Structures are given as structure tokens and as C-alpha cells.
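Numbering (the numbering used here), first residue to last: 1003 to 1325. Positions of the beta carbon are idealized from the N, C-alpha and C atoms, including for glycine. Source: prediction; values computed, not measured.
Encoded structure:
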């Protein structure tokens, strides 16, 4: 067995094992202790192998797996322990001493390493584990994914939505609030790096839209704001041939929600969203009638000082755009 193959095997051993039960079923999982014991016995093997390897042996496969391990050791959750902290500190320090950069900063060094191959391999490995059936059995990898995506705009890499967004959509669909928010933030970050050409090989934007549409029903205000921001960004990058129709559909759906919404903060977010849509495409005669009715109703309730403080500014912005 080559040193590279041996290193990959030991790294796999030191990753948090797949949980036998979904993470939200119990607070304690036996796999947390198994990983801690494995780190105690095997982490030094990783360090020894790294010290024995030269630059030519540090392939994208090896570097991507090291990066995943490093980020997983830093992830926050009941699986995190003092040994995780010590291991990631030593790994970064020794790696920097040998290769000139910390593992944390590996994807920024596109000139020194093949950041595209490392990035692609990381996302491929993560998507193989974080599937619809199993993503709750790899909780630490949620943070790994977000940590990689968080700075994606700063890497020198090409981004394929089919290979980067699926995990975001799984997180958005989850009932756990922290997962939803992590998924929405990831989705937004990725979409800000995409263009219309990103969807030239298919209509994956419909899959993204379907997930975001469901998310608009969530009552949490942070989820609401992020979802609406994601929808606006999606509308900017979908193909021109479907953009007008999709924008009109989203606009009508937003008006329907405004008509029935009782939460003032969600109303304010929806009015702000409506202003952005009008600025993008205007408002047709059919929707204009409903919009005027909604505006009149909400201007009336803004006579209450407490309500007006929350709502009036956003209502007036819509009125100015839609008049």
C-alpha cells in the first residue's frame, strides 16, 4: 500500500463514523466516543505519514480528505471534545510548517495547489454521504459543507450548481431551524456566484425554486428574510426566457401571502420583497388591483404607532414603486 493510500485509510478512520440513528433522535451517540478513541490511537499515525510524504504525494484526493477532516474536527456539536481541538491545532501547525499554508486556507492557494480539483473532490465526497437518506447521520459534515461554501466567492474555482447546491436544499427542507438557516445561507452564497449560463445544461433552477417556495411558508422571520433574498437572487440568474413568467408567479404568490399574513415582521419582509420585484419587472393590471387593496388595508393599520413603526416605511416604498 502506498503512503497516500495508507494516509487516506487512516483519515477515514478518524472521521466521525456514520451514526446508527439520526442525530436528532438522541443527544448521545456511541459513535462520538468511538471517534474520540480513534483520534487518541490513530491521529499520530496521520501526522507521521504527513511528515514522511513529499509534495508530489500530496494529491488532490489526499488534500481534500485532510481538509474535510480538519474542518470536521472544528465543527460544533456534542461530538466536539478537547482532543478534537488539539488535533486540528496540531494538524494546521504541522501542515503549515511543511507546505507553507494552513489547511484552513488551502482553497485560497489556487496557484500553489490545484484548488479546483480539491474543491470538486470535497464536494463530491460530501454529497456522497449527505444524501436524502443519510444526511442526519453525518451531522458534523453539515458544518464542513458550510465552512467550504462560506468563502466560495474567494476561491479560484468554477461552480456547478448541480454539484454544490443539493446539500443546501436538504438543509433548507429540514425542520431543524439551524439547519434551515445554514442551508439558506449556503444556497444564497452559491447563487451569488452563478450566472444565467450556469443553467444552460438544464432546468435545475426549478428544483431550487421548488425548495424555496416551500420555505416561504415557514413562520420564522430569519428564514423568511433569507428565503426571499434567495428567491430574488434566483430570479436574477434564471434564463431570460422563463424569468418574466417566474417573476410574475412569485409576485402573485407574495401578494397572496401579504393578504393573509398576520405577523408584522413577516409583512414588512414581504413588502420589501414586493418592492424589489416591482423594480425588476413592474406590475401588471391584474396584480395592481390586488396590490392597491393590500396597500390600503395596511396603511390603515399603520395609524397605530406601534404597527407603523414596524410596517409603514416598507408599505410606502411599495406604494411609490407601484403607483
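Taking 7 Å as the cut-off, the beta carbon of residue 1109 is found no closer than this to the beta carbon of residue 1100. Taking a C-beta distance under 7 Å as the contact criterion, residue 1070 and residue 1038 do not qualify as a contact pair. Per the coordinates, the alpha-carbon of residue 1155 lies some 8 Å from the alpha-carbon of residue 1191.
When DSSP states are grouped into helix, strand and coil, residue 1131 belongs to the helix group. Taking each of 1111, 1276 and 1107 in turn and checking the Cα distance to residue 1250, the smallest one comes out for 1276. With respect to residue 1164, residue 1147 sits apart: the two C-beta atoms are not nearer than 7 Å.
Listed in chain order, the non-local C-beta contacts of residue 1321 below 8 Å within the same chain comprise 1297 and 1301, local neighbours out to five positions each way being set aside.
Collapsing the DSSP output to three states places residue 1159 in coil. Proximity of the segment 1188-1204 to the segment 1234-1248 meets the contact definition, three or more beta-carbon pairs being nearer than 8 Å. By the 16-neighbour rule on beta-carbons within 10 angstroms, residue 1304 is buried. Per DSSP, the continuous alpha helix (DSSP H) segment holding residue 1062 begins and ends at 1062-1076. Each of 1115, 1088 and 1183 was checked against the Cα of residue 1060, and the nearest Cα belongs to 1115. Uninterrupted alpha helix (DSSP H) stretches at least 4 residues long and entirely within the segment 1073-1119 occur at 1084-1101, given in chain order. DSSP places residue 1035 within a helical segment (H, G or I) once states are collapsed to three. Pairwise C-beta distances place the segment 1081-1098 in contact with the segment 1030-1048, as three or more of them are shorter than 8 Å. For residue 1184, the enclosing alpha helix (DSSP H) begins and ends at 1179-1193. With respect to residue 1010, residue 1142 sits apart: the two C-beta atoms are not nearer than 7 Å. Remark: C-beta atoms of residue 1229 and residue 1219 do not approach each other more closely than 7 Å.
Collapsing the DSSP output to three states places residue 1245 in a helix.
Under the three-state reduction of DSSP, residue 1029 is assigned to coil, being neither helix nor strand. Ranked by Cα distance from residue 1051, the options 1077, 1003, 1025 and 1217 are led by 1003. Distance check between residue 1252 and each of 1078, 1299 and 1234 places 1234 closest, using alpha-carbon atoms only. Pairing residue 1170 with residue 1188 gives a Cβ-Cβ distance under 7 Å. Between residue 1278 and residue 1138, the C-beta gap is not smaller than 7 Å, which leaves the two residues out of contact. Straight-line spacing of the CA atoms in residue 1105 and residue 1076 works out to 12 Å.
Cα atoms of residue 1089 and residue 1153: separation of roughly 23 Å, rounded to the nearest angstrom. Secondary structure note for residue 1274: its alpha helix (DSSP H) is the uninterrupted segment 1266-1283.
Judged by their CB atoms, residue 1021 and residue 1031 are nearer to each other than the 7 Å cut-off.
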